[in-house]
Structure formats: structure tokens, C-alpha cells
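The sequence shown: position 285 = 286 (the working numbering), numbered continuously. We treat Cβ as the ideally placed atom computed from N, Cα and C, and that holds for glycine. Predicted, not measured: the structure shown is a model, and the values here were computed from it. One structure is given below, encoded as C-alpha cells.
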Amino acid sequence: MRQKQVLVLAMSGVQLLDVSGPMDVFAEANVQAGWPAYALRLIACEPGDIESSSGVRLIPDGVARGKEKAPIHTLLVAGSPRAAEEQFGDTAMRWLKTHAPTARRFGSVCSGAFMLAAAGLIDHKRVATHWAVAQQLARAYPNVIVDADAIHVRDGRLRTAAGVTAGLDLALALVEEDLGHDIAKKVASQLVMFFRRPGGQTQFSRSGELEVMGRSSLQELQRWVATHPEQDHSVAALAARLHVSPRHFARIFRNEMGTTPGVWVETIRLAAARQLLEDEHGAPKQVAAQCGFADVDSFRRAFHRVFGLSPAQYRKSYAL
Numbered sequence: 002m003r004q005k006q007v008l009v010l011a012m013s014g015v016q017l018l019d020v021s022g023p024m025d026v027f028a029e030a031n032v033q034a035g036w037p038a039y040a041l042r043l044i045a046c047e048p049g050d051i052e053s054s055s056g057v058r059l060i061p062d063g064v065a066r067g068k069e070k071a072p073i074h075t076l077l078v079a080g081s082p083r084a085a086e087e088q089f090g091d092t093a094m095r096w097l098k099t100h101a102p103t104a105r106r107f108g109s110v111c112s113g114a115f116m117l118a119a120a121g122l123i124d125h126k127r128v129a130t131h132w133a134v135a136q137q138l139a140r141a142y143p144n145v146i147v148d149a150d151a152i153h154v155r156d157g158r159l160r161t162a163a164g165v166t167a168g169l170d171l172a173l174a175l176v177e178e179d180l181g182h183d184i185a186k187k188v189a190s191q192l193v194m195f196f197r198r199p200g201g202q203t204q205f206s207r208s209g210e211l212e213v214m215g216r217s218s219l220q221e222l223q224r225w226v227a228t229h230p231e232q233d234h235s236v237a238a239l240a241a242r243l244h245v246s247p248r249h250f251a252r253i254f255r256n257e258m259g260t261t262p263g264v265w266v267e268t269i270r271l272a273a274a275r276q277l278l279e280d281e282h283g284a285p286k287q288v289a290a291q292c293g294f295a296d297v298d299s300f301r302r303a304f305h306r307v308f309g310l311s312p313a314q315y316r317k318s319y320a321l
């Protein structure tokens with residue numbers, strides 16, 4: 002029953018919940034376990050208080066420089082709304098490069114993955130980060146395998162979480178690893194959180210909402226499809242609206258949109274379905290028809306494949 006030292010590294014402008022969320026989970030685990038299983042320390046990237054993105058100031062327990070006196074069990078990098086554009090200081094980066102490889106496990110919460118990537122610590126590793134910056138992380142660091150839907154990911158010694166509250170899910174999973182299923186369930190109960198959150202983070206994303214692009218004729222077509230999702234949007238039908246052959250249409254669509262017409266149309270239909278499920282009270286069968294799905298079963302399959310939960314579960318969580 003050796004105490005585990007948990008360090009959370011926080012950059013200037015850190016998202017407060019990226020720090021407090023995981024720490025509260027570990028602190029509650031100490032209560033439920035009946036002994037101080039975790040020793041928690043907040044580490045600043047530079048000397049002085051840490052100003053969070055909300056303006057609240059945090060007083061760190063130490064600064065990322067030199068060697069740590071005690072072995073590090075878990076090292077997590079907290080994210081910041083501007084982490085994707087952050088220029089990380091050399092001293093903090095050296096500290097991270099020194100201590101992450103020697104920690105029993107290390108990882109990040111939300112956009113903290115950018116700091117791990119900048120340090121070269123997650124090349125060829127599967128990681129989670131906030132859905133809004135997942136593509137940006139993948140473009141900036143092509144050697145990183147970004148899972149844009151995962152709530153949290155385990156890849157060897159690496160642990161990464163998606164956006165903000167997903168840090169609690171990650172910390173709970175770490176508690177389960179360390180202290181067992183029963184303690185973790187008690188922690189979840191006390192903190193009024195899911196023990197296993199249903200679905201992935203795509204359910205929170207607005208990435209399926211219409212963003213027109215390409216030549217003007219394609220943009221006009223995209224707007225028309227979005228306002229008439231129930232109609233026939235086969236390649237042949239869409240090509241006919243532009244007065245071109247299906248083969249030519251498919252080629253220009255892929256070249257200018259970066260995806261196939263079929264995949265794009267399904268994305269638009271699912272976005273429309275989400276809106277109906279959130280705002281109205283129609284049965285899934287009615288929503289499927291209004292959004293152009295062949296039948297309710299194909300709608301349910303597509304919805305679950307993309308969002309990780311059924312239309313009924315989604316409405317229960319998000320309906321007005």
C-alpha cells in the first residue's frame with residue numbers, strides 16, 4: 002500500500018476543470034479507500050501563481066525545473082483553450098521530457114496533448130483530445146494517432162482524455178486501475194458522475210453542422226441538401242441538379258470537399274436528426290423519415306456508429 006505521487010502540470014491560461022476535476026477524483030479516492038493512496042501536487046510551467054482561463058489563480062506546489070524528490074507515479078498535463086497556439090517554455094519542456102519517460106504512467110487532459118506532442122512524447126501513439134482541436138493536433142503532428150471520438154485512451158504507459166470533464170473519466174479509470182472496481186464505483190457515486198460514460202465525444206461535437214465549401218454551384222447544392230435532407234440525394238440525383246454526369250460529379254465533389262457524396266450526405270442527415278431529437282418529440286421512425294434514411298433500423302445503425310449511443314439515448318440526454 003505505497004502512496005502514489007500524482008503530478009498535474011499546468012500551463013498559464015489552463016482550463017480550471019482540467020486541473021480540479023482529476024484532482025477531486027483522486028482526493029475522493031483517498032476518502033473512499035480510507036487512506037491517502039494519492040499524494041497530489043500541482044506543478045507550474047514557470048514561477049509564480051497560475052492564472053487559469055477563467056481568471057482564477059492557482060498556487061502551485063512546485064515549478065517544472067530540476068529533479069523531483071519522490072518517484073512520480075502519474076504525470077498529467079492539463080490543457081488550455083490556447084494550447085494549440087502556445088509556445089511552451091524550454092525549461093518546462095526539458096522537465097517534461099525528463100520526467101514523463103520515468104513516471105509509471107503519464108498523459109494529458111484535453112489540449113494538454115499539444116504539450117506532450119511538442120515534447121515528442123506521443124509519436125506513433127493513439128491519443129484523445131478535445132474534438133474541436135483533434136484535426137489541428139493531427140495536422141500539426143502527423144506522427145500522432147488522434148482518436149477524435151474517444152473519451153479517454155490508454156496506449157501503454159500513456160493515458161489521454163478528451164475535453165475538460167473527460168479528465169474526470171480518465172482519473173476514475175486510473176483509480177480503478179490502482180484501487181479496484183469497488184473503490185472506483187464509490188468515487189463515481191459520491192461525485193455523481195457516470196462510472197462508464199455512454200458513447201464517445203462525437204455526441205458533443207458540432208462538427209457535422211453545415212460548412213459550405215468549394216465552387217459556388219457546389220455551395221448552392223450543399224445548402225439545398227441541408228434544408229431538404231429527406232429527399233433523394235444519390236450521386237445520380239445530385240449530379241442531375243448540377244447538370245453533369247454522375248462520374249464527373251463524384252470526382253469534383255471528392256476533389257473539393259475531401260470526402261465522398263455518400264459520406265457527406267449521411268453527415269448532414271445525422272446533423273439534422275440530432276437537431277430534431279434535441280428540439281422535438283417525434284419517434285425515431287419519424288425522425289428517420291424526415292432526415293432521408295431508408296428506414297428506422299438503418300437510421301439507428303448510422304446514429305450509433307457515429308455517436309456511440311442510440312437515438313433514444315441521445316434524446317434522453319439532450320432534448321429540451
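Going residue by residue through the stretch 66-139, where are the continuous beta strand (DSSP E) segments of at least 3 residues, counting only ones entirely within it? 75-78 and 106-110
So does the stretch 82-95 actually touch the stretch 18-33, counting three or more Cβ pairs closer than 8 Å? no
Can you check DSSP and say which residues form a bridge with residue 160? 108 and 155
Candidates 258, 27, 184 and 3: closest to residue 169 by CA position: 27
Evaluate contact between the stretch 136-151 and the stretch 115-126, counting only Cβ atoms and requiring at least three cross-stretch pairs below 8 Å. yes
For the beta strand (DSSP E) that contains residue 16, what are its first and last residues? Careful: residue 16 lies outside any beta strand (DSSP E) and carries neither H nor E.
Quick one, which of 172, 181, 220 and 129 has its alpha-carbon nearest residue 257's? The residue with the shortest Cα to Cα distance from residue 257 is 220.
Beta-carbon spacing of residue 269, residue 312 below 9 Å: Cβ atoms of residue 269 and residue 312: not closer than 9 Å.
To the nearest whole angstrom, what separates the beta carbons of residue 29 and residue 191, a pair I think is in contact under 8 Å? 6 Å
Cβ neighbours of residue 6 in the same chain (closer than 6 Å, five flanking residues each side left out): 40, 71, 73 and 74
Could you please give me the residues that DSSP links to residue 291 through a beta bridge? Beta-bridge pairing links residue 291 to no other residue.
Does the stretch 157-164 come close enough to the stretch 96-110 to have 3 or more Cβ pairs within less than 8 Å? yes
Can you grab the Cα-Cα spacing for the pair residue 241 / residue 298, in whole Å? 29 Å
Considering only residues of the stretch 159-193, which uninterrupted alpha helix (DSSP H) runs meet the minimum length of 4 residues and lie entirely inside it, listed in chain order? Runs found: 167-180 and 182-191.
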